[in-house]
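A short worksheet on the structure shown next.
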């Protein structure tokens, strides 16, 4: 009896070229389960890949559980993750997820008998979580946790999607002006599209030329167009959570991307592309997509962003120091929320932001509304305290 083929199943290999057989078996076991999506398995593989990199960098063995607790591989890895979080090298959510996935992998190893250390890998405890449904009925959910788990404690301060903050409109304009002069045309257009449509990178890198051609004017304003994206669009364009909807784009930006789509620069790239990718708007100079469908990440963009960030810092643009592409989306959403609140109030603004950014839940859109509503208060607070401080320094009341 032959099992079904699993296309896109991740595999891990050590630096010497040998496979991590136990991890690869876990991926196959997870992917063979009907109720587990392959994207979930790929996300777990990314976390385990980070763990494998740490093991090799630290000279640790994944099966090493000596008598001294502080010398056990999982305890040491937990310490490394917490340190990376405290140094702002990794987001709190990333740290929590990586530890959770690694613990899940070791649970599977223990259940299958592939690992039976002499000393315990962790201490387990059961906690009760109280839940209340919409009818007011309460129930307690028992959850098993370990002493290795890392709580997701966000950094201090207001945070939006993925724990990021928007940049100011002035910084946005400086970033785009420098990108036009110093970055590739593709990165410039991707950044511009992110800042002025709010599309995620996974959606932008999967845009088709036909998607642009099929854009329809918004009934409210002929200078605003709608692009159909998601698995239900024709052609389909990747979105987070597989949400199908329409994103807004101005006529000027739409025309600019269409102009690029038929430029000699892009057509040279299209010639090198395989038939599956020729219809993509954005292609690398080798004719490859900027991101593989389903990954949500782009190595090519990361490389370009790395070099562009160095150029920006050399030109004194400090807002680029820790800049991430996803901040283009945060910036668009914040500007949209500010306009929507001014035009129709906070209640209508939530619906506008949710629709424009294809948010799955209103709670995500509400974060932007609250962020915008708090900003004038903080600005007034800063101005008042500054005036008071300067008055004290100068001896005036």
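Residue numbers (our numbering): 16 to 412.
Where a beta carbon is used, it is the ideal one built from N, C-alpha and C, also for glycine.
Residue i, enclosing alpha helix (DSSP H) - first and last residue
{"i": "residue 284", "result": "279-287"}
{"i": "residue 212", "result": "200-212"}
{"i": "residue 107", "result": "107-127"}
{"i": "residue 100", "result": "88-101"}
{"i": "residue 324", "result": "314-329"}
{"i": "residue 64", "result": "53-73"}
{"i": "residue 195", "result": "184-197"}
{"i": "residue 42", "result": "36-46"}
{"i": "residue 220", "result": "Premise fails: residue 220 is in no alpha helix (DSSP H) and is neither H nor E."}
Beta carbon proximity, residue i to chain B, threshold 9 Å
{"i": "residue 382", "result": "Judged by its chain identifiers, the structure shown contains no chain B, having just a single protein chain."}
Rounded separation between residue i and residue j - CA only
{"i": "residue 192", "j": "residue 319", "result": "16 Å"}
{"i": "residue 234", "j": "residue 395", "result": "38 Å"}
{"i": "residue 216", "j": "residue 372", "result": "13 Å"}
{"i": "residue 337", "j": "residue 52", "result": "32 Å"}
{"i": "residue 288", "j": "residue 350", "result": "37 Å"}
{"i": "residue 387", "j": "residue 181", "result": "11 Å"}
{"i": "residue 256", "j": "residue 375", "result": "8 Å"}
{"i": "residue 24", "j": "residue 342", "result": "30 Å"}
{"i": "residue 55", "j": "residue 210", "result": "29 Å"}
{"i": "residue 80", "j": "residue 66", "result": "16 Å"}
{"i": "residue 196", "j": "residue 323", "result": "11 Å"}
{"i": "residue 329", "j": "residue 335", "result": "10 Å"}
{"i": "residue 279", "j": "residue 206", "result": "21 Å"}
{"i": "residue 281", "j": "residue 304", "result": "12 Å"}
{"i": "residue 208", "j": "residue 41", "result": "39 Å"}
{"i": "residue 101", "j": "residue 93", "result": "12 Å"}
{"i": "residue 267", "j": "residue 103", "result": "38 Å"}
{"i": "residue 357", "j": "residue 384", "result": "11 Å"}
{"i": "residue 313", "j": "residue 306", "result": "5 Å"}
{"i": "residue 122", "j": "residue 201", "result": "44 Å"}
{"i": "residue 171", "j": "residue 293", "result": "Low per-residue confidence applies at residue 171: pLDDT is 49, beneath 50, and the placement is therefore not dependable enough to give any value."}
{"i": "residue 47", "j": "residue 194", "result": "45 Å"}
{"i": "residue 186", "j": "residue 348", "result": "15 Å"}
{"i": "residue 352", "j": "residue 290", "result": "40 Å"}
{"i": "residue 165", "j": "residue 71", "result": "22 Å"}
{"i": "residue 339", "j": "residue 82", "result": "42 Å"}
{"i": "residue 20", "j": "residue 203", "result": "40 Å"}
{"i": "residue 308", "j": "residue 133", "result": "43 Å"}
{"i": "residue 13", "j": "residue 35", "result": "This structure cannot speak to residue 13, because the chain is shown only from 16 to 412."}
{"i": "residue 345", "j": "residue 378", "result": "15 Å"}
Buried versus exposed call for residue i [16 or more other C-beta atoms within 10 Å across all chains shown]
{"i": "residue 98", "result": "exposed"}
{"i": "residue 286", "result": "exposed"}
{"i": "residue 190", "result": "buried"}
{"i": "residue 331", "result": "exposed"}
{"i": "residue 297", "result": "buried"}
{"i": "residue 76", "result": "exposed"}
{"i": "residue 149", "result": "Per-residue confidence for residue 149 stands at a pLDDT of 49, beneath the threshold of 50, marking its modelled position as unreliable; no derived number is given."}
{"i": "residue 213", "result": "buried"}
{"i": "residue 107", "result": "buried"}
{"i": "residue 221", "result": "buried"}
{"i": "residue 355", "result": "buried"}
{"i": "residue 138", "result": "exposed"}
{"i": "residue 276", "result": "buried"}
{"i": "residue 369", "result": "buried"}
{"i": "residue 299", "result": "buried"}
{"i": "residue 120", "result": "buried"}
{"i": "residue 126", "result": "exposed"}
{"i": "residue 401", "result": "exposed"}
Original post:
When the Cβ atoms of the stretch 258-271 are set against those of the stretch 235-242, are three or more pairs found closer than 8 Å?
Top reply: yes
**OP:** May I ask you to verify whether the stretch 265-282 touches the stretch 246-253, counting CB pairs closer than 8 Å and requiring at least 3?
**Re:** Counting Cβ pairs under 8 Å, fewer than three are found: no touch.
**OP:** Let me know the beta strand (DSSP E) ranges lying completely inside the stretch 222-293, each 3 residues or longer, listed in chain order.
**Re:** 231-233, 236-244 and 260-265
Original post:
Between the stretch 54-63 and the stretch 101-116, do three or more beta carbon pairs fall short of 8 Å?
Top reply: yes
Subject >> 4-residue-minimum alpha helix (DSSP H) runs that sit fully inside the stretch 334-380, ordered along the chain >> reply: Runs of the alpha helix (DSSP H) spanning 4 or more residues and lying entirely within the stretch 334-380 occur at 342-359 and 361-372, in chain order.
Subject >> Stretch pair the stretch 354-362 + the stretch 217-232: three plus CB contacts closer than 8 Å >> reply: no
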